[in-house]
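Enquirer: Got a structure for you, written out below as structure tokens; questions coming shortly.
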Amino acid sequence: MHKKSLWLISAGAVALGSSVPVAWAQDGSSAVDPDGVNIIVTATRRASPLSDVPIAVSAVTAQAMQNSGATDIRSLNQLAPSLLLSSTGTEANASARIRGIGTVGDNPGLESSVAVFIDGVYRSRTGAGLNELGEIERVEVLRGPQGTLFGRNASAGLINIISKAPEFKLAGKAEVTYGNYDYWRLAGRITGPVTDSLALSLDGVWSKRDGFFDLVDASGAKVGDTNDRDRYFLRGQALFEPNDALSIRLIGDYTNRDESCCGAAYVETRERRPVAGGGYSTAPFNRIAAILAGQGSTFAADPYDRDLHITAGRDYVSKLEDWGVSGEVNYDLGGAKLTSITAYRDYKSQDYGDYDYSGADLLYRDSNTYRQFRTFTQELRAQGSAFNNVLDWLVGGYYAHEKLTLEDNIRFGADYGRFAACRLMAGASVNSNLTAGQLAACGNGTATQLLIAGTQAQLNAGLIGAGVPALQAGAISTGLGNGLRALAAIPSGTGDVASLYHQKSENWALFTHNIVHITSQIDLTLGLRYTHESKRFSADFNNNNATCAALQGSSLPSLATNPALGSAAALAGGILTLGCLGNSSSGLNALDLNDRISDGEFSGTAVLSWKPVDELLVYGSYSKGYKAGGYNLDRFQLGSTGLNPVPAVFAPRTNADVTSLRFAAEKVDAFEVGLKYTQPKWSANIAAFRQEFKNFQLNTFNGTSFVVQNINGCDSALTAARTCASGDVGPGLISQGVELELSATPVRNVRFAGGFTYARAKFANRLVGSSSGSVPLDPALFLLPGSINSQAPEVVTTMSASWTPKLGTGGLSALFYVDGRMSSDFNTGSDLFPEKKQDGYAVFNARVGIRGPQQRWAIEFWGQNIFNQDYTQVAFSSPLQSSSPSTSTVGQFPGAPMANQLISAYLAEPRTYGITLRGSF
């Protein structure tokens, strides 16, 4: 084990000796002993003390979120060790992982393995939780498969956010925050009664700050910034309680963002060569970087200087409108309680700008790019007790109808054609075919045609020398030369004019969750769910890349598929691949893609719990989870089945290719045993778990396109074609480990909290890309077998401590607060390239302040990431910036002659600090 991992285990043990998670959440109507840990939770849809709930759940109170400086769910990383949240190209593409399992990538066709609910309403993608949350009551994190208690299935876990309801007492609060990066945040809430039975509330947030990255020109002069913040949020609520039996809660909210996000910095720009005995040496120059330098790109010596150089006029833009309405009705019939939650949501984000993250103008998304989810959901539940309270029963139904529209317009920039041609002429052998100076001149256009002519002449001579007749050699070399010229001349703006993807999803489910009190000390919980999901897909393309159609109609496809031509065949294939990048072709316009999938699945849970004494709960559980399949909304993979004898881009696509965009449902079998022990001043929870995933939905960017595969294991040896007999297909990813949670209030006004998680989310030693075993693992994922999943640190420790001593006798009090998260090493890239590894790190937040009587006012000084820890959220292969997929990473040594993939990364936020003024009445 890595030394830093050992250090983290030791540090965690010390921290846990006196602390661990934050105070668990209470029901809105419940109280918490200020000096105790007797917390009431509703994770089973029943108000119960945490010590009586036989599932792995923790929750963060509003006070804990406030102390940590949290304004969205990303800050839960500091307080929940089994959870990891990150964002990539846009904050609409947030990824959540629980116990090392989650869904990554920019593809909106994939739902998250970790579901997000806000006030009982399912949010289509995790990114909704990165908006401002307003006033909240608590946030609950449920670990493991969910489905028999919440409307939507979740295969890895669930984040449940509960906002603060209106109150029948006039009250209000406001706060003003100012921090570095010219950060301003204003927040407020007003609530009160209209009548004895009707209460209203309105809360809102506005925040704005400068970007964490400076945009610079080729000289290094600042020309702007990115990763800034400019957003606001409003939520109005009405609570109607005409009598003790009926409660109606109506909620309407609106979020608006108009920001610049998200920039990425280069973290690897070397070209490396394997050396005898292992390791590598560094080449004098990286041939890809040399081309980019000729096109005006610069490369910062230290990515954490946070200076980015991108194409002028291609600034990152991130706009969002997210609004919705919901109504929750609770009616107590005496023998049963009925609950109805009805909601409609409309989520639209626009994220566009530079797509290659360099100063060269290679790829960009145009301003018409957007994604929109229109979602209607209805949940009905009935619950009660029977047989003299021996049975606590719950039955329910769920329906969802969602329309997803994606317009994804990826276009070539002014430098793309020359870059592609120069990249191919540089070659993929151990030494570049061209010098750094020649590559720079090729990239900027001063020597492009001359070098193409020289390459054509060398090809002709090489073919003749290999015994090819002179006439045939001339035809071949001329065809390749003309192909390079056509590639180099691709006009700026070529690509998608208006490429639209549509997906209509309809989901309905019936579920039940029942607790049988076998004795006063032993309970048996049984839950069952049937889910039926259907999805309709269609796509309409408008693409103006006539160059691709011309290349596919030339001699190049026949040359590329003739292995006897050696390097000439490889060059022909490269011209087709880059000239028709991601199936970008005017030939798409004739397609009318339509498809439909439908699936039904049973899932459920069984829990046996025993409480030998009031202070101790022991339980064991089994759960079967499910997450629906869907479509890869990306033309890049159209026609790529994993079984193609030749690459799909070598020929025009047809309507029959639509099935290649499908991916199957994700399934999991989860086992857990746990123990919860509670004393008046402290509590301890421990859980051991094992989760076996089949058809794990993996989305990875291979430097050219996003690849979606269902990852499965094989219990026998793979065939020569890297496939597996269907009877030998098993789980592809297994997460297992131990979680420890402690909390303590040893004396009045002192609270400790924290957690420790050891989770080993490991892929099987032999992997295939389908449940039938007939599809081999995608070559881009060659490092996965036997490895730990991405974004899955094996060891994580969190801690928090607060002290709120009284100051004198006038009602004043102070606040001293600190929290921290310590993580072991992990890989941030879903293809697990070693260049994307993040070393272990620790992040700490702190807050100090003074508060008035009954906390009617407060002044607080705060800092987040107070030691300015540098670390990466996600590293990725810089688009197109390698010689070929087979020379992307040192992980391919010793087979690859060299590795020259440039690696970029979305960096985590730097140190921030400021002051907050807060008042209430």
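Per this note's numbering, the very first residue in the sequence shown carries number 2; after that it's consecutive.
Just so it is clear, CB atoms sit at the ideal spot from N, CA and C, and this is done for glycine as well.
(1) Checking 9 Å against the spacing of the C-beta atoms, do GLN855 and ALA909 come in under that value?
(2) My guess is that VAL326 and ILE252 are in contact by the Cβ rule of under 8 Å, so how many angstroms apart are they, rounded?
(3) Among GLN64, SER83, ASN78, MET66, which one has its Cα closest to the Cα of PHE690?
(4) Along the alpha helix (DSSP H) that carries ALA172, what are the first and last residues, could you check?
(5) Suppose the cutoff is 6 Å on Cβ atoms and the five residues either side in sequence are ignored; what does the same chain contact list for ASP308 look like?
(6) Report yes if the CB atom of ILE1 is closer than 9 Å to the CB atom of ALA569, and no otherwise.
(7) At the level of alpha carbons, what is the spacing between VAL819 and ASN645?
(8) Report buried or exposed for VAL431, applying the criterion of at least 16 other Cβ atoms within 10 angstroms of its Cβ.
(9) Of all the alpha helix (DSSP H) runs that stay within the bounds of the stretch 560-596, which reach a length of 4 or more residues?
(10) Taking the C-alpha atoms as reference points, what is the distance between THR655 and ASP357?
(11) Given a cut-off of 9 Å on the beta-carbon distance, is the pair THR1007 and GLY864 in contact?
(12) Thinking C-alpha only, which one of ASP596, ARG153, ILE860 is nearest ARG919?
(13) Contact defined as beta carbons within less than 8 Å: I believe SER556 pairs with PHE637. What is the distance between those atoms, to the nearest angstrom?
(14) Considering only their Cβ atoms, is the gap separating ARG288 from ASP362 smaller than 9 Å?
(15) Taking LEU425 and LEU572 to be in contact with their CB atoms under 8 Å, please state how far apart those CB atoms are, rounded to whole angstroms.
(16) Verify whether the separation of the beta carbon atoms of GLN893 and SER114 is less than 9 Å.
(17) I need the boundaries of the beta strand (DSSP E) containing THR479, first residue and last residue.
(18) Going along the chain, which residues of its own chain have a beta-carbon closer than 6 Å to the beta-carbon of ALA671, five neighbours each way excluded?
(19) Rounding to the nearest angstrom, what Cα-Cα distance links LEU435 and SER801 in this structure?
(20) Given SER641, which residues of its chain have a CB within under 7 Å of its CB, disregarding the five upstream and five downstream residues?
(21) Please give the ranges of any beta strand (DSSP E) in the stretch 360-419, keeping only runs that are unbroken, at least 3 residues long and fully inside the region.
(22) On the DSSP bridge list, what partners appear for VAL619?
(23) Look at the Cβ atom of ARG210, then the Cβ atom of TRP185, and state whether they are nearer than 9 Å.
(24) Which whole-angstrom value is the C-beta distance of LYS677 and THR746, which I expect to be below 8 Å?
(25) Could you spell out where the alpha helix (DSSP H) holding ALA81 opens and where it closes?
(26) Assign LYS923 to one of three DSSP states: helix, strand, or coil.
(27) Rounded to a whole number of angstroms, what is the C-alpha to C-alpha distance between ALA550 and ALA490?
(28) Quick one: residues in its chain with C-beta nearer than 8 Å to the C-beta of ALA721, no 5 flanking neighbours on either side, listed in chain order?
(29) State the DSSP-derived secondary structure class of TRP8, mapped to helix, strand or coil.
(30) With a cut-off of 8 Å on the beta carbons, I'd call PRO55 and THR406 a contact; round off their distance for me.
(31) Please state if the CB of GLN710 and the CB of SER772 are separated by a distance shorter than 9 Å.
(32) Which one of ARG857, ARG848, PRO898, GLY896 has the shortest CA to CA distance from ILE916?
(33) Report yes or no: do the stretch 828-838 and the stretch 786-793 share at least 3 C-beta pairs separated by less than 8 Å?
(34) On the CB-based measure, 16 or more other CB atoms within 10 Å of its CB, does LYS536 come out buried or exposed?
(35) Using a threshold of 9 Å, state whether the C-beta atoms of ALA129 and VAL117 are closer than that.
(36) So CYS549 is in the alpha helix (DSSP H); what residue range does that whole segment cover?
Expert: So, from the listed chains and residues:
(1) Contact flag unset, no.
(2) At roughly 7 Å, the Cβ-Cβ gap stays under 8 Å, so VAL326 and ILE252 are in contact.
(3) Of the residues GLN64, SER83, ASN78, MET66, the one whose Cα lies closest to the Cα of PHE690 is SER83.
(4) In the DSSP annotation of this structure, ALA172 is not part of any alpha helix (DSSP H); the continuous beta strand (DSSP E) holding it starts and ends at 172-180.
(5) In the same chain as ASP308, and ignoring 5 residues on each side of it, the C-beta atoms closer than 6 Å to its own belong to ASP215, VAL217, ALA301, in chain order.
(6) A question about residue 1 goes unanswered here, because the residues of the chain that appear run from 2 up to 922.
(7) Taking the straight line from one Cα to the other gives about 55 Å.
(8) VAL431 should be labelled exposed.
(9) Correct list: 568-580.
(10) Taking the straight line from one Cα to the other gives about 29 Å.
(11) Look at the range of the chain in this structure, 2 to 922, and you will see that residue 1007 is not part of it.
(12) When each option's Cα is compared against that of ARG919, the closest is ILE860.
(13) At roughly 25 Å, the Cβ-Cβ gap does not stay under 8 Å, so SER556 and PHE637 are not in contact.
(14) It is not a contact, given that the beta carbons lie outside the stated cut-off.
(15) Between LEU572 and LEU425 the Cβ distance is about 6 Å, and since that is below 8 Å, they are a contact.
(16) Going by C-beta atoms, GLN893 is not nearer than 9 Å to SER114.
(17) Element bounds for THR479: not the beta strand (DSSP E) but the alpha helix (DSSP H), 471-489.
(18) Closer than 6 Å at the Cβ level, and outside the excluded window around ALA671, lie GLY145, PRO146, SER624, GLN692.
(19) Distance between the alpha carbons of LEU435 and SER801 is about 57 Å.
(20) Only ALA649, SER661 meet the Cβ criterion.
(21) Unbroken beta strand (DSSP E) stretches of 3 residues or longer found wholly inside the stretch 360-419: 364-366, 371-387, 392-408, 411-413, given in chain order.
(22) According to DSSP, VAL619 bridges with TRP611, LEU676.
(23) Closer than 9 Å, so yes.
(24) Contact flag wrong, Cβ pair sits at about 17 Å.
(25) In the DSSP annotation of this structure, ALA81 is not part of any alpha helix (DSSP H), being labelled neither H nor E.
(26) Nothing about residue 923 can be reported from this structure: the residues present for the chain run from 2 to 922 only.
(27) Distance between the alpha carbons of ALA550 and ALA490 is about 14 Å.
(28) Excluding positions up to five away in sequence, the list is empty.
(29) Unreliable positioning characterises TRP8 in this predicted model, as indicated by a pLDDT of 44, which lies under 50. The coordinate reading is nonetheless provided below. Correct three-state label for TRP8: helix.
(30) The pair is not a contact, with the Cβ atoms about 42 Å apart (cut-off 8 Å).
(31) Contact: no.
(32) For ILE916, the closest alpha carbon among the candidates ARG857, ARG848, PRO898, GLY896 is that of ARG848.
(33) Touching, yes, given that three or more Cβ pairs across the two stretches are closer than 8 Å.
(34) Taking all protein chains shown into account, LYS536 has 16 or more neighbouring C-beta atoms within 10 Å of its C-beta and is therefore buried.
(35) Contact flag set, yes.
(36) Segment 547-553, the alpha helix (DSSP H) holding CYS549.
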